[in-house]
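> Once you've had a glance at the structure underneath, I'll fire off some questions.
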Amino acid sequence: MNFFKQLVDRERVFDFMVPQQSPVDVRHGPILYLEDVSVSFDGFRAINKLNLTIDDGELRCIIGPNGAGKTTMMDIITGKTRPDEGSVWFGSRHNLLQMNEPDIASLGIGRKFQKPTVFEALTVFQNLELARATNKSILPTLTERMTGEIQDRIDEVLLLIGLKNLHRQPAGILSHGQKQWLEIGMLLMQKPRLLLVDEPVAGMTEQEMERTAELLTGLAGQQSVVVVEHDMGFVRSIARKVTVLHQGSVLAEGSMDQVSSDPRVIEVYLGEEA
Amino acid sequence: MWLTQPLYERSTRIFLGVLLLAMSLVTLLHLVVPADHPLHVSAYTVNLLGKYLSYALLAVAVDLVWGYLGILSLGHGAFFALGGYAMGMYLMRQIGDRGVYGHPELPDFMVFLNWDALPWYWLGFDSFWFAALMVLLVPGLLAFAFGYLAFRSRVTGVYLSIMTQALTFALMLAFFRNEMGFGGNNGLTDFRDMLGFDLRTDTTRLVLFLVTGLALAIGYLICRAIVTSKLGRVCVACRDAEARTRFLGYRVERVQLSVFVVSAMLAGVAGALYVPQVGIINPGEFSPLFSIEIVIWVALGGRATLYGAVIGALLVNYAKTWFTGVMPDAWLFALGAMFVLVTVLLPRGIAGLMHNLNERRRRVKDKPQDDQQELPV
Ligand SMILES: Nc1ncnc2c1ncn2[C@@H]1O[C@H](COP(=O)(O)OP(=O)(O)OP(=O)(O)O)[C@@H](O)[C@H]1O
Ligand SMILES: [Mg+2]
């Protein structure tokens, strides 16, 4: 009986939870833990016995050739795709495989999509407003009023992502690079514990890339960041630890130099480029 | 309060102002101008306008879910009809022993079927307040059950539209059956009075027209309050990028469900106001074609503006009345032609055209954009 009460209570905490006080338990090590995860699409194994551990506050880069399963991995972590087997834990308390997308999001996992997805009909400002970490159930959303505090927070992020003077424009008119920035801004508004960032610099100029690198490295420490990226220059500029994915499992892991001198990696991936 | 929020908005003030003006004008022209004067508005016209206004409320309800949430409901006629039947049951019971068979309690069609007692689901409908509650509750509960199943399984797009068609079609077949106890084929009719007022007098008709206008104003305000709130922006987010919205932590299916239920209840109210004005409710209102027609009104008027839905409903129904008077056979062709023309020439409907003209005028005047945060389509 007591157990059920606890369950109900705990559910309630999630609803009003703000990610900074997220109940994620990282006392026993990693913030994200994938073990022997596999998933097949029509018999094709996109993820194959994948093991991956991300430490709290870490900035991890994930590279791998097209179709290696990087995006699919993010789909699994965020609850979009259910794996056939394996386990996925957020901290040592939350089994992500038992949760749906909104629950996982409010637990503190934010995601930037590979193809930038912003709400094109809404203004830049409104996009950020919707992303803000707050109680997202129906009634509070209906009655929420724009306060000075919210306004300031959004302005702060607008400044950071360089879209201040476009804030009243619909997001649909933004360039590819600007949409990437807006999506990163939405991530910042969410204040997640763990950021999954899929190809953040695609379509960006050198300068924009530099700023993105600054931003992401600045986040690491308080937040954990997982970056998937093809641009080797960019990865080299931010990476501390790199994981190479190939055919759905980890091929190599280590510093950029270690990884790029690994003969297997050179063969499957860097070899094609160099 | 969030409900009064839209009152600070220019478009809502204009809409309510125009509606109020039109209602006063009709009242004035009906009551004050002598009957033989060309400007006189007859009781017949007042009645007709009241009917159009209930359609307008129905169109607003459809625009709320279609325009803002992207749910193309092709079954809103079902909620409208259920609201209508709830009101019809009340009106039936008001007839009392004045029916053809003179039975003190049973409506004529039940006497005709040799029933000797009211079925349990007719109990309570002698009370107006109970009936009024059912007008909201029955469509609301049906929408809740339907939406709960559909949205939870993430049925969207064409499949959802087809399911809504199936829903209204199934209800139509059910209501056609005499054993259902809703008058079968003929439906409910021969109403006499409502809250003690004779439905056939001009005054009652005028009052019903005004009440319907008031309901439209309130319904519009409720919808506008929803779409201008943050929830409204979440609706647009669900419409345009459902998955993204989920990853922000919004429970998309709950957003869809709650707005869908509100919309169904508004449709129910529209139906309840329609029935005493036309004097009959029959299974024809459940017809899938009618539900499609509603969507055409909204498309013609312009999606995702709410006032566009009102304009569309009024114009199309005026045209329908005119056509069925002049050449009844041509109506469906005319409707189809209008639909095609508007989709080709005015993809954003009449409201879109008005918006463009407005923009152009504003640009000519070279005035800065005004402050309201309008949701673009
Ligand atoms: N829903 C799906 N149905 C069928 N196959 C899928 C699905 N999602 C992914 N795949 C397949 O799984 C494999 C891995 O895809 P994924 O998108 O994860 O690769 P990626 O590493 O992100 O590649 P890229 O660098 O091109 O983004 C690909 O071969 C892809 O075709
Ligand atoms: Mg990918």
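Chains A and B, in that order, are what the protein sequence lines are.
In terms of this note's numbering, the first sequence opens at residue 1 and continues consecutively.
In terms of this note's numbering, the second sequence opens at residue 1001 and continues consecutively.
For glycine and all other residues, C-beta sits at the position ideal for the given N, C-alpha and C.
All figures in this text were calculated on a predicted structure; none of them were measured in a lab.
1) Going by DSSP in three states, W1115(B) sits in which element: helix, strand or coil?
2) List, in order along the chain, the chain B residues whose C-beta lies closer than 7 Å to that of T78(A)?
3) Is DSSP giving A1022(B) helix, strand or coil here?
4) Grab me the residues of G203(A)'s own chain with a C-beta within less than 7 Å of its C-beta, minus the 5 sequence neighbours each way, in chain order.
5) Using a Cβ-Cβ cut-off of less than 8 Å, give me the residues of the region 1254-1271 of chain B that come near chain A, in sequence order.
6) So which residues of chain A does K1320(B) contact, with C-beta pairs closer than 7 Å?
7) Using a Cβ-Cβ cutoff of 8 Å, what residues of the region 1225-1237 of chain B are near chain A? List them in chain order.
8) Based on Cα-Cα distance, which residue from V227(A), V265(A) and H246(A) lies nearest to F113(A)?
9) Going straight from the alpha carbon of D1190(B) to that of I1280(B), what length do you get?
10) Looking at C-beta atoms only, is the number of pairs between the region 72-90 of chain A and the region 233-244 of chain A that lie closer than 8 Å three or more?
11) Please return the same chain residues whose Cβ sits closer than 6 Å to the Cβ of R45(A), not counting the five positions on each side in sequence.
12) Applying the 10 Å Cβ sphere with the 16-neighbour rule, what's the burial state of L1091(B)?
13) Does ligand 2 have even one heavy atom less than 7 Å from the beta-carbon of K1051(B)?
14) Between the region 1264-1272 of chain B and the region 1056-1065 of chain B, can you find at least three pairs of beta-carbon atoms closer than 8 Å?
15) Which of the three DSSP states is assigned to E120(A) in this structure?
16) Measure from the alpha carbon of M1089(B) to the alpha carbon of each residue in L1025(B), N1282(B) and G1352(B), then state which is nearest.
17) Does G1102(B) pass the burial test, meaning 16 or more other C-beta atoms within 10 Å, or should it be called exposed?
18) Does the count of Cβ pairs from the region 31-42 of chain A and the region 87-104 of chain A closer than 8 Å reach three?
19) May I ask you to check if the CB of A46(A) is nearer than 7 Å to at least one heavy atom of ligand 1?
20) Write down the C-beta distance between I1226(B) and V1259(B) rounded to the nearest angstrom, noting that I regard them as a contact closer than 8 Å.
21) Leaving out five residues on either side along the sequence, give the residues of the same chain with a beta carbon under 7 Å from the beta carbon of V1135(B).
22) What residues of chain A sit near Y1250(B), judged by a beta carbon separation below 7 Å?
23) Can you check whether the CB of L1216(B) is closer than 8 Å to the CB of L1019(B)?
24) Have a look at R1363(B) and E1009(B) and give me their C-alpha separation to the nearest angstrom.
25) Quick one: what does DSSP say L158(A) is sitting in, helix, strand or coil?
26) Quick one: what's got a C-beta closer than 7 Å to V1278(B)'s C-beta in the same chain, skipping five residues either side?
27) Drop a sphere of 10 angstroms on the beta-carbon of F1182(B), count the other beta-carbons inside from all chains shown, and report buried for 16 or more, exposed for fewer.
28) Quick check on this structure: which residue in L1049(B), T1305(B) and L1214(B) has the alpha carbon closest to the alpha carbon of G1352(B)?
29) Consult DSSP for H246(A) and reduce its assignment to one of helix, strand or coil.
30) L196(A) by DSSP, collapsed to three states: which one?
31) Under a CB-based cut-off of 8 Å, is Q21(A) close to chain B?
32) Using a Cβ cut-off of 8 Å (strictly closer), state whether D1240(B) contacts chain A.
33) T72(A) versus chain B: which residues are under 7 Å apart at the beta carbon?
34) Using CA atoms only, rank isn't needed, just tell me which of L251(A), V265(A) and S260(A) is closest to K49(A).
35) Quick check on this structure: which residue in Q98(A), E149(A), T53(A) and G64(A) has the alpha carbon closest to the alpha carbon of R264(A)?
36) DSSP state of E58(A), grouped into three classes?
So, from the listed chains and residues:
1) coil
2) F1247
3) helix
4) H176, G177 and Q180
5) R1254, V1255 and S1258
6) Near K1320(B) there are no residues of chain A at all, since even the closest Cβ is about 32 Å away, more than 7 Å.
7) I1226, S1229, K1230, L1231, R1233, V1234, V1236 and A1237
8) V227(A)
9) 7 Å
10) no
11) G248
12) buried
13) no
14) yes
15) coil
16) N1282(B)
17) exposed
18) yes
19) yes
20) 7 Å
21) G1083, A1086, M1087, G1268, V1269 and A1272
22) P102 and K136
23) yes
24) 21 Å
25) helix
26) K1051
27) buried
28) T1305(B)
29) strand
30) strand
31) Confidence at Q21(A) is low in this model, with a pLDDT of 44, below 50, so its placement is unreliable and the value that follows should be read with caution. It does not; no Cβ of chain B falls within 8 Å.
32) yes
33) Near T72(A) there are no residues of chain B at all, since even the closest Cβ is about 14 Å away, more than 7 Å.
34) L251(A)
35) G64(A)
36) coil
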